[in-house]
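Working notes for the structure below.
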Amino acid sequence: MCGIFGYLGGRAASPLLLEGLRRLEYRGYDSAGIAILNSKITVNKCIGRVADLESIVPAELHGSIGIGHTRWATHGGVTDANAHPHMSEDGKIAIIHNGIIENSRALRRWLTAEGILLKSETDSEVIAHLIHRAVGDGLSPVNAVRRALRHTRGTWGLCALFAEERIIVCARNGSPLVVGIGDGESFISSDPQALSAHTQQVIFLEDGDMAVLSPSGVETCRLDGGSSDASVTTIDESWGEADMGDFPHFMLKEIHEQPESLRQCISGRILKSDGNGRLNGLDLTPKELQRIPHIRLLGCGTALHACQVGRLAIEQLARVPALAHVASEFRYNDPVIDSTALYFAVSQSGETADTLSAVKEIQLKGGQVMGVINVVGSSIARQCGRGVYIHSGPEQAVASTKAFTNMVAALTLFSVQIGRARTLSVAQGKKVVQALSKIPDQIERYLANQGPIEEAVEAVKDARHVLFLGRGPSAPVAREGALKLMEIAYIPCLAYPAGEMKHGPIALLEEGSPVVVIAPKDKFRQKTLSNVQECKARGAKIILIHEEGDDEFAEEADIAIAVPKTNGILSPLLTVIPLQLLAYHTGLALGCDVDKPRNLAKSVTVE
Ligand code: AGP
Numbered sequence: 293m294c295g296i297f298g299y300l301g302g303r304a305a306s307p308l309l310l311e312g313l314r315r316l317e318y319r320g321y322d323s324a325g326i327a328i329l330n331s332k333i334t335v336n337k338c339i340g341r342v343a344d345l346e347s348i349v350p351a352e353l354h355g356s357i358g359i360g361h362t363r364w365a366t367h368g369g370v371t372d373a374n375a376h377p378h379m380s381e382d383g384k385i386a387i388i389h390n391g392i393i394e395n396s397r398a399l400r401r402w403l404t405a406e407g408i409l410l411k412s413e414t415d416s417e418v419i420a421h422l423i424h425r426a427v428g429d430g431l432s433p434v435n436a437v438r439r440a441l442r443h444t445r446g447t448w449g450l451c452a453l454f455a456e457e458r459i460i461v462c463a464r465n466g467s468p469l470v471v472g473i474g475d476g477e478s479f480i481s482s483d484p485q486a487l488s489a490h491t492q493q494v495i496f497l498e499d500g501d502m503a504v505l506s507p508s509g510v511e512t513c514r515l516d517g518g519s520s521d522a523s524v525t526t527i528d529e530s531w532g533e534a535d536m537g538d539f540p541h542f543m544l545k546e547i548h549e550q551p552e553s554l555r556q557c558i559s560g561r562i563l564k565s566d567g568n569g570r571l572n573g574l575d576l577t578p579k580e581l582q583r584i585p586h587i588r589l590l591g592c593g594t595a596l597h598a599c600q601v602g603r604l605a606i607e608q609l610a611r612v613p614a615l616a617h618v619a620s621e622f623r624y625n626d627p628v629i630d631s632t633a634l635y636f637a638v639s640q641s642g643e644t645a646d647t648l649s650a651v652k653e654i655q656l657k658g659g660q661v662m663g664v665i666n667v668v669g670s671s672i673a674r675q676c677g678r679g680v681y682i683h684s685g686p687e688q689a690v691a692s693t694k695a696f697t698n699m700v701a702a703l704t705l706f707s708v709q710i711g712r713a714r715t716l717s718v719a720q721g722k723k724v725v726q727a728l729s730k731i732p733d734q735i736e737r738y739l740a741n742q743g744p745i746e747e748a749v750e751a752v753k754d755a756r757h758v759l760f761l762g763r764g765p766s767a768p769v770a771r772e773g774a775l776k777l778m779e780i781a782y783i784p785c786l787a788y789p790a791g792e793m794k795h796g797p798i799a800l801l802e803e804g805s806p807v808v809v810i811a812p813k814d815k816f817r818q819k820t821l822s823n824v825q826e827c828k829a830r831g832a833k834i835i836l837i838h839e840e841g842d843d844e845f846a847e848e849a850d851i852a853i854a855v856p857k858t859n860g861i862l863s864p865l866l867t868v869i870p871l872q873l874l875a876y877h878t879g880l881a882l883g884c885d886v887d888k889p890r891n892l893a894k895s896v897t898v899e
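To convert, take the position in the sequence shown, counting from 1, and add 292; that gives the working numbering.
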């Protein structure tokens, strides 16, 4: 997803902007550019990586004010001209923009009719020209931005650099922006991660907020003219300090971080003697937990798969009806919102537009939404106001791994907590929380002895398609494994509840077709074994993720990968790990960019 970084102060802006953009690279992008103000605005931009941009930026480019952008193409192809920043015709205003201007086609037609020569195919460029026209009508920079945005419909995280006034005017609506307050200098970014190296004092702008960065400091206000109540908060200095360490890629590092990140997630949240969980951020009393009629969980991608595991845990442990919803579908399906029900918005970044929109829809109808979020202070976390931080630490790889296991752990702890407020006994609760407390060590043990991953890579890397099968809590794991292999190795994958396979997908199977089956020793094992036989009868090559010690099942597979035994509903925390490794090593074998896969962004802040 697009990244923004801006600076105004006494230091050379160019190296600061390039470093800021490098810290945003993990978000995924396809072009980059910077605008630096010295005696005039100088823009350098190109397709490719920040390193490619750095190679074209003149070393002698001086100036202590500037804005920079990494673009993830939405409107207009991946070209130098479509990269940001975009300039006004007189070259005195430069803008960078995250989001989508929904009425850009009409604005482009109008500007062209007014004699403006548009230089790009993008929606964003129109903003530069609208601001320029407003300045030409005598408006101040802030009011010119206000007028320009009043003509636009859509979302924006916008920064406009004004050469004459030597200021940066920012505006936020639907796409995150955070201001950094330094000592005699100020910053703007789409992500606090890019600021933490310079300052921990930040202002998270809300929708409708504006901010002006000037030599005298930072002022905030509202697009509608009022004053903003956005306040300065302190972010953790370590946030965003993620580096690769001894690992070749962030994805592998984050797979191996799961034992520790899981410990961080469950630390202080397990009450072993009571057989209970304690998620204080939910701030729900036992009486309130007893009164909840049903629960809905919302997420996208990997977060959706965590929701699908969570809903099973809630129904199994608390006997409360629970459903997982695709966040991007939710608000458009005219959902019936029950103000007495409980909703969870699950998101690693806390910036996914589809999930944020669903949260707002629920709240609009009086619903109560809790966040299950990794990034502290993110938009969804602030929109929900209450919830659970999963404490995975910065997740830099586009493919979500350690956030998935922590989301599942947090939702399982909630399932125990609401279960124990109802009919779940101490003994039953103890079984789950004791098993959960062992998972970090079990993941560590598995990572030290991963099994025939390379054989599995050989079986899938040249396949036309790969089918993933699982039942019960292994069905969402099948979907997660398919998503990982698709997004990292670009191999077409299908994931189905194993029982569904004979109702259609079995037609895909031919001699040597790889089928990945997730089958811990739970109540679904026997049925899944039958499905494996059905696949083998069609010549499929079976890659089995099974429980260690289940040799009978392992003998049925061509490639058998054993994971430690645990409580049934917790099995996804272990069975997912080999699938993460399978995707990573297959992507490597195929020469893919495993940390920044093509076309993907780390957080999708557009609907
Ligand atoms: C997962 O590997 C993908 N990167 C993607 O599906 C991701 O899970 C999805 O975009 C949701 O992101 P979020 O958790 O930040 O909301």
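From the three backbone atoms N, C-alpha and C, an ideal C-beta is built for every residue, glycine too.
Treat the numbers as computed from the prediction; the structure is a model and nothing was measured.
Considering only the beta carbon of each residue, do residue i and residue j sit closer than 8 Å?
| i | j | result |
| --- | --- | --- |
| I460 | G298 | yes |
| I672 | L648 | yes |
| I780 | A881 | no |
| H757 | L786 | yes |
| A616 | P585 | no |
| K776 | G320 | no |
| I527 | G677 | no |
| A503 | L497 | yes |
| T362 | A386 | no |
| H597 | E772 | yes |
| A713 | P797 | no |
| D499 | G466 | yes |
| A755 | C557 | no |
| A426 | A440 | yes |
| I606 | A614 | yes |
| H424 | S380 | yes |
| S306 | V349 | yes |
| Q861 | Q600 | Note that residue 861 is Ile in the sequence shown, not Gln. Cβ distance not < 8 Å, so I861 and Q600 don't count as in contact. |
Looking at the structure shown, is residue i part of a helix, part of a strand, or coil, going by DSSP?
| i | result |
| --- | --- |
| T362 | strand |
| R439 | helix |
| T334 | strand |
| P768 | helix |
| R714 | coil |
| N698 | helix |
| E312 | Going by the sequence as given, residue 312 is Gly instead of Glu. Three-state DSSP puts G312 in a helix. |
| Q742 | coil |
| Q492 | coil |
| F479 | strand |
| R763 | coil |
| G793 | Just to set this straight, residue 793 is Met in the shown sequence, not Gly. In this structure, M793 counts as helix in the three-state DSSP scheme. |
| H378 | strand |
| S620 | helix |
| V808 | strand |
| Y876 | helix |
| V725 | helix |
In the DSSP output, which residue or residues are listed as bridge partners for residue i?
| i | result |
| --- | --- |
| M502 | A463, C513 |
| I388 | C451 |
| Y681 | I665 |
| R588 | L615, Y635 |
| Y788 | L761 |
| A852 | L836 |
For the ligand AGP, any of its heavy atoms closer than 7 Å to the Cβ of residue i?
| i | result |
| --- | --- |
| T647 | yes |
| L892 | yes |
| L505 | no |
| Q600 | no |
| G593 | yes |
| V708 | no |
| A695 | yes |
| V896 | yes |
| T878 | no |
Short of 6 Å in beta carbon distance, which residues of its chain neighbour residue i, apart from the five on each side in sequence? Order them along the chain.
| i | result |
| --- | --- |
| Q550 | K694, T697, I735 |
| G879 | I780, A781, V886 |
| I629 | I654, K657, G659 |
| V807 | L759, C827, A832, I834 |
| P744 | I851 |
| L399 | V418 |
| G804 | K833 |
| A748 | I835, I851, L874 |
Tell me which same chain residues have a C-beta within less than 7 Å of the C-beta of residue i, skipping the five on either side of it?
| i | result |
| --- | --- |
| D322 | I339, R363, W364, A365, V370 |
| K545 | M536, G537, F539 |
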